[in-house]
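Residue numbers (my numbering): 417 to 815.
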């Protein structure tokens, strides 16, 4: 099976893009697909070629890098921008080339970048990512990938791990991911090796996916008490040793590999619930099955930026607000107000880290009446003011 490489150019002008496309073709013998800079699909990019002309270009590259953690990054810049070159090191760039770029130099950078992409762990991660996205459609394709990646069994459990406030840098950092991988492999080897032979990891910008295969005898993850105990033990060990809090969401058991995207979606919902209610571990199978409450949660997710009251939401499902309040607290473990506030703060974090919108604008976008009230609630929840959070979570360049 021939390997195809997905390539994306960032900040490359038309004339230079034409040359680079021709050179990529020479380097990879035509085995590539070129994705436009505007493409926002979930396709994993293998090689990013980015030109840096201004400080803000580093922010664009950083965001793209977080989305495609396994990609090889080739940076191109003019000599006058070299003072920002240390950022390339922080982003683990494969190559840094100065304009004007020579053909042989560029081709060599492309060729050496794909050498690492042939590593077995990376091949496995690419395969599993495609399964999680539902991009593997046939059993024939599944068998080809499984043979190529040398995997004896396909995972039937998906668990997502994400850092809590103050710990997100840990989970987004390769060293932090290495720590989690090491601790989890150790826990499985020492306590679960009779049932779990292999564990695999897929990196995403905000969380780490942990995949493994449990025996077919277990039709429900809730039947397996050991998994709950050792996942909580793992979270507690990392909290004790590194002083950070992790949240985990676990999907249902799916023994059909082509449907692995379903437990991935379930794990995302369970992870979101874990973060919203402040619990360390949440199983999708334990989420509320109350249809009225499900409708309300969906309504809150879509309209959290509006002036929401418990009466307004309860009316949507024709329940009294007193009964709805009790039901909400019983099923989700937090009050209606706490839940809505958590959703708003979570969205505000994203906007602070990924946009240039003012704090006043973000406060309005997520449903707070005044910037002062927003700042007060945000600091109470995160321990940082909105401006402090932005400074800590967005890449900056010293002029």
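Glycine residues also receive a C-beta, built at the ideal position from the N, C-alpha and C atoms.
Note that this is a predicted model, so its numbers are computed, not measured.
- Each residue's CA atom was taken as its position, placing residue 459 and residue 545 some 9 Å apart.
- Judged by DSSP secondary structure, residue 463 falls within the beta strand (DSSP E) whose first and last residues are 463-468.
- Between the alpha carbons of residue 591 and residue 475 lies a gap of roughly 21 Å.
- Beyond the five residues adjoining it in sequence on each side, residue 693 comes within less than 6 Å, by CB distance, of 748, 749 and 750 in the same chain, given in chain order.
- Where residue 432 is concerned, the enclosing alpha helix (DSSP H) starts and stops at 430-444.
- Secondary structure at residue 733: coil, using DSSP grouped into helix, strand and coil.
- Exposure of residue 648 is indicated by the presence of fewer than 16 other C-beta atoms within 10 angstroms of its C-beta.
- DSSP places residue 650 in the helix class (H, G or I) of the three-state scheme.
- Straight-line measurement puts the Cα of residue 611 at about 47 Å from the Cα of residue 734.
- Between residue 464 and residue 424, the CB-CB gap stays under 8 Å.
- Within the same chain, Cβ atoms closer than 7 Å to the Cβ of residue 443 are found at 523, 526 and 527, the five residues on either side in sequence being excluded.
- Under a 10 Å Cβ-count criterion, residue 455 is classified as exposed, with fewer than 16 other Cβ atoms of the shown protein chains found around its own Cβ.
- Here DSSP, grouped into helix, strand and coil, assigns residue 449 to strand.
- By the criterion of at least three beta-carbon pairs nearer than 8 Å, the stretch 721-741 is not in contact with the stretch 663-677.
- Linking residue 497 to residue 627 through their CA atoms gives a straight-line distance of about 42 Å.
- An exposed status is given to residue 446, since fewer than 16 other beta-carbon atoms sit within 10 Å of its beta-carbon.
- A check of alpha carbon separations from residue 478 across 499, 426, 783 and 664 identifies 426 as the nearest.
- Close CB contacts of residue 539 within its chain, under the 6 Å cut and outside five residues either way in sequence, are with 565 (chain order).
- About 6 Å separates the CB atoms of residue 596 and residue 624; that is less than 8 Å, so the two are in contact.
- Pairing residue 421 with residue 462, the inter-Cα distance amounts to about 6 Å.
- Annotation for residue 480: the continuous alpha helix (DSSP H) segment containing it runs 471-483.
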